[in-house]
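Some notes on the structure that comes next.
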Amino acid sequence: MPIEAATSGRSRLPQFAGAGLVIAASLAGGCGWMHQTFQHPGPHDTRHSYHETVGLTIQYPDVEKCLTEVTEAAREALPPLIDEDPSSLPSLELTLPEAVQLAVRQSPVIRELGGSIIAAPGFIGFSSTIYDPALAHANPLGGVEAALSAFDAQYSTAMFWNKLDRPNNITGFVEQFTPFVFQGTTGTYQSELSKRTAQGGQFSLRHITVYERNNSPAREFPSDFTGWVEAEWRQPLMRGAGTQFNRIVGTSQIPGQYNGVLIARVNEDVALADFEAAVIRLVNDVEQAYWELSAAYRVLEATLRGRESALQTFQYQEVRLRVGAGRSDEEAQAQSQFYQFQAQVESALSGPLGLYSQEQRLRYLLGFPAADGRLIKPTTEPSDARVVFDWESSLSQALQRRVEVRRQQFALKRRELELYAAQLNRRPQLDFLGNYRVRGLGDNLIGGRGGAPLDNLTSEIIGGNYQEWQAGMELTLPVGLRAASNAVTHARLSLQRERALLNETQLRISHDLAESVRQIGLTHSLLETNYNGLKADLRQVDVLRRRYRDGTDNINFLLQAQRQVVISEVEFYRSLSNYNLAIRDLHREKGSLLAYNGVSLAEGPWAPQAYQDAYEKGRFLEVRQHPESVQQPPPVTVGPFDPSAPQNSQPAWVPETGEWSAPAPGLDSPSDIPSPTASDSPAVPPKSANPSGPAGVEQAAKWQPTGTRKAGIWPASLRLPAGQSAPGQPEQPVAGPTAFGVATPASPAG
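Under the numbering used here, think of the first position of the sequence shown as 1, with each following residue one higher.
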């Protein structure tokens with residue numbers, strides 16, 4: 001009978017196998033089969049699918065709304081200015097320091113012209129914010145606090161209960177000592193407190209208690225408590241040992257990966273350098289937009305004067321043609337030039353480089369609405385006084401103060417730390433291991449019959465009757481140390497790369513500084529040349545106008561001279577703006593742009609509890625009596641350094657002597673030099689006019705905060721004859737945009 005059953009079972013096996021293959025084939029092709037079967041709805045299917053109406057719709061995320069000044073500025077924007085008369089709009093007078101102050105205070109996002117926000121607003125996350133340094137500090141993966149958390153004490157506990165109901169395969173006389181069904185209840189409680197030290201050691205203190213109750217006949221107590229208390233110490237002796245190594249490597253066990261507190265500290269300093277660079281770019285863009293807007297005002301004013309002159313010439317020629325004294329071709333040429341100037345006025349007003357576009361660029365940097373009915377008017381007069389910078393002093397400051405140099409030095413320091421750790425990591429893992437344990441057994445956990453042997457577990461452990469210990473060494477050696485050696489090679493190459501980049505950065509800075517110094521000289525020379533050319537063009541127009549009215553010259557010469565006057569005046573004002581931008585560029589290249597604009601960087605406030613903790617811990621700290629007797633790891637950074645401080649007011653670190661150099665006395669930047677009066681401002685200050693201080697201190701003259709230039713402020717080569725006003729300036733100063741009049745001729749003659 002069993003043989004028949006077995007045979008019958010074998011006969012059903014192919015049937016089950018065949019059925020399984022059919023089911024598998026059906027499941028494999030199920031999607032296609034269902035698609036072919038239910039592809040077209042039936043004639044009575046009138047209900048739409050959920051995926052046709054809801055599942056494929058685009059939705060907005062439900063986020064918490066927070067209204068700020070930035071969102072209000074975006075929502076309260078008025079229609080942009082296109083062809084409105086600037087003289088009819090209320091003006092918002094703004095100085096350059098006020099513009100910089102508004103830009104750095106208006107928004108937590110550091111705006112940039114031509115950055116990712118302007119080009120693609122969707123990628124706003126790539127812009128710098130004031131939260132970036134704090135995010136680097138609070139990074140849960142690579143921040144300082146995250147690296148320090150690896151050395152915090154760890155406490156763990158666990159409790160489990162088990163029910164046992166297990167049959168035993170026994171027979172014979174063994175049944176007298178072992179039940180056929182083993183039944184019992186167990187409970188386990190475990191707690192551990194561990195601490196990792198800065199030297200790489202690991203201390204652990206454990207307490208384990210096990211409760212057991214079963215039906216074994218060989219037990220003295222139906223239930224008992226067993227447990228032990230043990231202390232363990234594991235100390236690396238080769239790989240993983242040392243304070244400096246653990247401060248660099250952290251908890252990483254993979255060669256070439258470092259997440260220690262020193263690496264986190266360097267990463268935080270790099271984030272601070274990136275933040276400082278973003279602020280420098282913001283100040284740079286604000287000054288760029290400010291001077292370009294100032295130049296746009298003057299370009300529009302010059303173009304308006306050209307249009308007025310062309311209109312007067314056209315009206316004069318039209319009158320001559322009406323009385324029969326003129327020619328139609330000359331009248332058409334004058335009319336054509338008027339419309340050419342009209343197109344230039346429209347472009348200077350609303351074009352890509354026009355007044356309204358430049359004003360909107362400055363508005364964005366200041367956090368203002370795109371348009372609010374007012375027109376920003378720069379009131380800081382551009383400087384035309386020659387500024388002289390000492391090359392040696394500027395080069396030394398650029399190589400010390402530039403944030404790019406400090407950032408690259410931090411990257412180099414990180415590679416040095418990584419190479420140090422990689423070399424120590426190329427060793428076998430040799431650990432000393434020590435374990436001490438006190439065991440106990442008792443009928444009760446606490447209390448009991450009093451004095452009986454094995455009465456309770458707690459008394460047995462406290463009595464220390466059963467003690468164990470273990471001590472030894474544990475060696476782990478990857479044969480060949482291939483991964484560790486490769487990590488050392490990678491660290492060395494990375495260090496060489498960062499050194500090469502640092503040298504290249506310093507070389508590039510010196511070249512950029514030289515170019516900025518050259519641009520200052522060039523732009524000032526162009527300023528003088530363009531002004532002299534403008535004076536010559538003005539005389540040429542006067543001569544040709546008289547000759548044309550006398551009938552000795554063609555109108556073409558007069559029209560060409562009028563165009564040249566406008567071109568020369570525009571070039572003069574652009575060269576004036578470029579000269580001020582060249583001064584800004586030199587301060588940026590030598591790392592003093594923030595100090596030049598009075599911008600300082602400061603850390604935000606901490607939580608109140610942090611100040612309380614610092615105060616309480618500071619009460620227990622005292623200054624060492626003999627600090628030289630304590631051996632400490634080399635510091636990661638030296639200094640203090642304040643990028644907003646004047647150029648020579650802070651000491652510099654001298655690696656050769658290992659000391660701080662004293663700050664040099666004297667004036668530091670043009671912002672520290674008093675403004676000269678109208679009578680004591682030479683074009684180029686002689687050497688005898690230098691104030692007391694080291695050689696090479698910058699000399700500059702600042703503009704008086706007035707609406708018009710004073711005659712004495714102009715350099716000697718640019719001064720006008722007596723009774724003649726400066727180009728682009730009316731005889732009677734008119735404040736505000738009202739200087740831009742409409743196309744109404746001021747005199748009957750052109």
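C-beta atoms are modelled at their ideal positions from N, C-alpha and C, and glycine is treated no differently.
- Three or more pairs of CB atoms, one per stretch, sit closer than 8 Å, so the segment 365-372 contacts the segment 76-84.
- Residue nearest to residue 463 within the set 229, 224, 104, 203 is 229 (criterion: CA-CA distance).
- Shown here, residue 459 sits in a helix according to DSSP, grouped into three states.
- Look at residue 600 here: in three-state DSSP terms it is coil, with no helix or strand label.
- Inter-segment contact for the segment 405-424 and the segment 264-271 is present: three or more beta-carbon pairs are separated by less than 8 Å.
- Within the DSSP bridge table, the entry for residue 444 names 456 as partners.
- Counting every other CB atom within 10 Å of its CB across the protein chains shown gives residue 523 a total of 16 or more, marking it as buried.
- Excluding the 5 residues flanking it on each side, residue 415 has same chain C-beta neighbours closer than 6 Å at 494, 495, 498, in chain order.
- Assigned with DSSP and collapsed to three states, residue 95 falls in coil, not helix or strand.
- The alpha-carbon of residue 531 is positioned some 8 Å away from that of residue 569.
- Here residue 220 carries a coil assignment [DSSP, helix/strand/coil].
- Straight across, the Cα-Cα distance linking residue 208 with residue 189 is about 6 Å.
- In the structure shown, residue 82 falls within a coil segment according to DSSP collapsed to helix, strand and coil.
- The straight-line gap separating the alpha-carbon atoms of residue 526 and residue 575 is approximately 6 Å.
- Contact check for residue 517 against residue 391 passes: the beta carbons are separated by less than 9 Å.
- Contact between the segment 593-611 and the segment 312-328 is not established, with fewer than three Cβ pairs separated by less than 8 Å.
- The straight-line gap separating the alpha-carbon atoms of residue 227 and residue 193 is approximately 17 Å.
- Annotation for residue 608: the continuous alpha helix (DSSP H) segment containing it runs 608-618.
- Three or more Cβ pairs drawn from the segment 355-362 and the segment 286-300 lie within less than 8 Å of each other, which places the two stretches in contact.
- Take the alpha-carbon of residue 308 and the one of residue 72: they are about 41 Å apart.
- For residue 239 and residue 261, the gap between their C-alpha atoms comes out near 18 Å.
- Taking all protein chains in view, the Cβ of residue 373 is surrounded by fewer than 16 other Cβ atoms within 10 Å, so the residue is classified as exposed.
- In this structure, residue 507 keeps its C-beta atom at 9 Å or more from the C-beta atom of residue 83.
- Rounded to whole angstroms, the Cβ separation of residue 302 and residue 566 is 6 Å, and the two are in contact under 8 Å.
- Annotated as proximal: residue 142 and residue 136, with beta-carbon spacing under 9 Å.
- Residue range 375-378 is occupied by the beta strand (DSSP E) that includes residue 376, with no alpha helix (DSSP H) assigned at that position.
- Per DSSP, the beta bridge partners of residue 236 are 431.
- In the DSSP assignment, residue 370 falls outside any alpha helix (DSSP H) and carries neither an H nor an E.
- Judged by DSSP in its simplified three-state form, residue 622 adopts coil rather than helix or strand.
- If the five residues before and after residue 501 are omitted, its C-beta is found closer than 7 Å to the C-beta atoms of 408, all from its own chain and listed in chain order.
- The beta carbon of residue 470 is closer than 6 Å to those of 435 in its chain, skipping five residues each way along the sequence.
- Cβ neighbours of residue 347 within its own chain (closer than 7 Å, five residues either side excluded): 354.
- Counting only the Cα atoms, residue 180 lies some 35 Å from residue 191.
- Look at residue 328 here: in three-state DSSP terms it is helix.
- Assigned with DSSP and collapsed to three states, residue 162 falls in strand.
- When the five nearest sequence neighbours on each side are left out, the beta carbons in the same chain lying within less than 7 Å of the beta carbon of residue 484 are those of 255, 425, 426, in order along the chain.
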